[in-house]
Amino acid sequence: MKLLRINVADQSYKFEELTGDDQLLGGRGLTNKIITEEIPPGCDAMGRHNKLIFATGLMPDSAVSSGGRISIGCKSPLTGGVKEANSGGIVANSMAKQGIRGIILEEKADKDSLWLLKIENDTVEFIDAKEYSGLGNFSLAKKLFEKYSEDYAIISVGPSGEYGMMGSGIANTDMFSRQSRMSARGGIGAVMGEVKRVKAILIPRKGSYQLPNRNSDAFKKARMAFNTCIATSDRPKAMKKYGTADTVMPVQKLGGLPTRNFSEGTFEHAEDISGEALYDLIQERGGCGRNWEPCMPGCIVQCSNVVPKANGEELVAPLEYETIALMGSNLGLGTLDEIGELNYIANDLGLDTIELGGALGVMAEGGMVEFGDFEGFKAIMNEVYTGGMRGRIAGNGASRAGQLLGVRRIPTVKDQTMSAYDPRGVKGTGITYATTPMGADHTAGLTVFIPKDHHDKNEGWVGISRNMQITRALYDIAGICAFVTSATAMQPELLRDMINTLYNREETIESLNKWAIDLIMSEKAYNEKCGLGKSTDRIPEFMKEEPLPPYDLLWDITDEELDAMWEDQE
């Protein structure tokens, strides 16, 4: 496997072979190595010294269920620290078929340039992309597929990335040629669109490279055991029927559903936007609607969906829990049609729906729009296309919106918006928000499905969050979707056996956990150098002081408890 370094300033490129232990650098592990070793901690995240890294995991194109995640990393313009955001789709498998483990965009392009990068047959072609400037992800993909065919996977940014907005993400092609799988968080789209001036990257979907032991009997046996565990487990089955939206009602019952800028923990229209309601809507409308769909080849979970309009045409694909909460209950919007339409626009703009939902909630509290005003929120989002002032406020995230408007209730950690679990109602995930190097990020260690009292701080949530963060970090290195961990995390030998048979290793469960711990500690050390020390590992003060209705919950995990989480590794 190779690394491909592309200099966007002088349009040069070079390949580097991965040898020895470097072959075990995958996903978040590879992005972190480049960030911590090559990006100066004190650099301007929107300057020439930042790099943008695209990394496959360890098992792309290997028939491992959910093993084709793409990780994208850089120094985050939003948080000012380390950032990795991953997604599904077909980009990682396409890279792997070219024998490419990672692509690194280096330097800063001329501000008047805009590039399309076509990577094929060990060459990189720089194609002038000014004709595509300002296009949303969907219209861009349509034009590129018409010109170059659907034989390519696309990595792209929408207008928000070109404008350098801190809430902008990067879109990746799914199995059905939709440009809708978002590596969304941390402002990575701003680095691609504004710093590197790259509108899109084209990579052939077909290629001849295969991982050396992909077809060995030993790996096939290990892979079968892993995939069978997923296929026979209860949680993945539920996700296939209802998608991630099946989380709405459990979090509503916990009183942790973000509502009207995190001022309430339950929403009066929760049942109308639940997984069950979404399932029924898709069934009733028919047309192009699908309750389940894989986002990458070979996925057993198939938690994605296609939501139809009343006339059966596609409204959005997929519609997921985080978006339903942040763009729904958090904004006082109680219909799936409204949320789905805003979701589609956000994907086209290339905006993280969590960060955008957080910003719009703050803007509503600040008086720029009313909660429940669908048309008002839509109008603000449409201003992103033109770079209008309200669009810029929304596109740059909740912290900056709150600072501008003088709003105190800003639901962020390290300037990144919390996802769809209010920490007062879901304490374990709140600990993850505070202590992960990524800023408020549920994917770093989600605890909501642990069968304990989520309101009681004495249930051992610090240790639970820590263990979840270790598991998630390991799966991020492997490039395997976190949704399978509900089935496989209790049998860590399954992942161990796949790594050992695919890479001729003799790793133990303990040594793999050390990979994950070393990764997290490396990220935290880098953040410290960026000025993001333990004092930034904090839940917002208002959550300690404002009881959350209806259960009057407060954030009561102490700073000392948070600071002690990784003491044994320091």
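Sequential numbering from 13 applies to the sequence shown in the working numbering.
Quick reminder that beta carbons are idealized off the backbone N, C-alpha and C, glycines included.
Can the beta-carbon of residue i be found less than 8 Å from the beta-carbon of residue j?
| i | j | result |
| --- | --- | --- |
| Met178 | Gly378 | no |
| Ala484 | Thr459 | The amino acid at residue 484 is misidentified as Ala; the sequence shows Arg. For Arg484 and Thr459, no; Cβs fall outside 8 Å. |
| Pro562 | Gly277 | yes |
| Pro552 | Asp434 | no |
| Lys390 | Ile357 | yes |
| Ile521 | Arg508 | yes |
| Ile294 | Val319 | yes |
| Lys426 | His466 | no |
| Glu162 | Ser189 | yes |
| Pro248 | Ala499 | yes |
| Ser536 | Trp578 | The sequence as given places Lys at residue 536; Ser does not occur at that position. Contact: yes. |
| Asp73 | Lys109 | yes |
| Ser106 | Ile18 | no |
Pick helix, strand or coil for residue i, following the three-state DSSP scheme.
| i | result |
| --- | --- |
| Glu326 | strand |
| Lys208 | coil |
| Leu42 | helix |
| Ala21 | coil |
| Asp364 | coil |
| Phe138 | strand |
| Arg193 | strand |
| Glu553 | coil |
| Val496 | helix |
| Trp527 | helix |
| Lys253 | helix |
| Gln428 | strand |
| Trp127 | strand |
| Thr244 | coil |
| Gly85 | strand |
| Lys14 | strand |
| Lys95 | strand |
| Thr259 | helix |
| Asn184 | strand |
| Tyr563 | coil |
Hey, residue i and residue j are a contact pair by Cβ (cut 8 Å); roughly how many whole angstroms apart?
| i | j | result |
| --- | --- | --- |
| Pro171 | Leu354 | In fact, because the Cβ distance is near 16 Å, the residues do not count as touching under 8 Å. |
| Gly205 | Ser180 | 7 Å |
| Gly80 | Gly100 | 7 Å |
| Ala104 | Ile84 | Not really, about 10 Å apart at Cβ, beyond 8 Å. |
| Ile46 | Lys63 | 6 Å |
| Gly324 | Gly298 | 6 Å |
| Ser168 | Lys211 | 7 Å |
| Met251 | Val313 | 6 Å |
| Ala237 | Thr513 | Not a contact, Cβ separation roughly 11 Å. |
Between the C-alpha atoms of residue i and residue j, what's the straight-line distance to the nearest angstrom?
| i | j | result |
| --- | --- | --- |
| Ala234 | Tyr144 | 45 Å |
| Val396 | Ala406 | 8 Å |
| Ile422 | Gly414 | 6 Å |
| Pro449 | Leu486 | 15 Å |
| Ile511 | Ala165 | 26 Å |
| Asp284 | Thr259 | 13 Å |
| Leu416 | Val374 | 10 Å |
| Glu158 | Ile139 | 16 Å |
| Ala183 | Gly173 | 10 Å |
| Val20 | Thr68 | 21 Å |
| Pro52 | Cys86 | 11 Å |
| Ala257 | Leu338 | 12 Å |
| Pro330 | Ser316 | 6 Å |
| Met480 | Phe279 | 28 Å |
| Glu471 | Pro463 | 10 Å |
| Gly287 | Glu118 | 42 Å |
| Glu296 | Ala289 | 10 Å |
| Asp453 | Tyr175 | 24 Å |
| Gly400 | Glu132 | 38 Å |
Kindly indicate if chain D contains any beta-carbon less than 8 Å away from that of residue i.
| i | result |
| --- | --- |
| Leu36 | In the structure shown, chain D cannot be found, because there is only a single protein chain. |
With a threshold of 7 Å on Cβ separation, who are the neighbours of residue i within its own chain once the five nearest residues in sequence on each side are excluded?
| i | result |
| --- | --- |
| Pro89 | Ala57, Met58, Met178, Gly199, Ala202 and Val203 |
| Gly148 | Gly170, Pro171, Asp360 and Leu361 |
| Gln581 | Ile529 and Met533 |
| Ala75 | Arg235 and Gly310 |
| Ile336 | Ala257, Val260, Ile285 and Ile351 |
| Ser195 | Ile82, Ile84, Ala97, Asn98, Ser99, Gly181, Ile182 and Asn184 |
Among residues of its own chain, excluding the 5 on either side of residue i, which ones have a beta-carbon nearer than 8 Å to its beta-carbon?
| i | result |
| --- | --- |
| Ala282 | Val260, Met261, Gln264, Leu269 and Ser341 |
| Asn123 | Note that residue 123 is Lys in the sequence shown, not Asn. Closer than 8 Å at the Cβ level, and outside the excluded window around Lys123, lie Arg209. |
| Ile102 | Gly80, Ala165, Asn184, Thr185, Asp186, Met187, Arg217, Met308 and Pro309 |
| Asn225 | Phe231, Thr513, Leu514, Tyr515 and Asn516 |
| Ala121 | Val20, Ala21, Trp127, Val207, Lys208, Arg209 and Val210 |
Examine the ligand NAP and report whether any of its heavy atoms sits within less than 7 Å of the Cβ of residue i.
| i | result |
| --- | --- |
| Gly369 | Among the components of this structure there are no ligands whatsoever, and the ligand NAP is therefore not found. |
Starting from the C-beta of residue i, find all residues in its chain whose C-beta is less than 6 Å away, skip the five residues before and the five after it, and write them out in chain order.
| i | result |
| --- | --- |
| Gly92 | Cys542 |
| Asp549 | Ala446, Thr447 and Leu574 |
| Leu15 | Glu28 and Gly114 |
| Asp568 | Lys469 |
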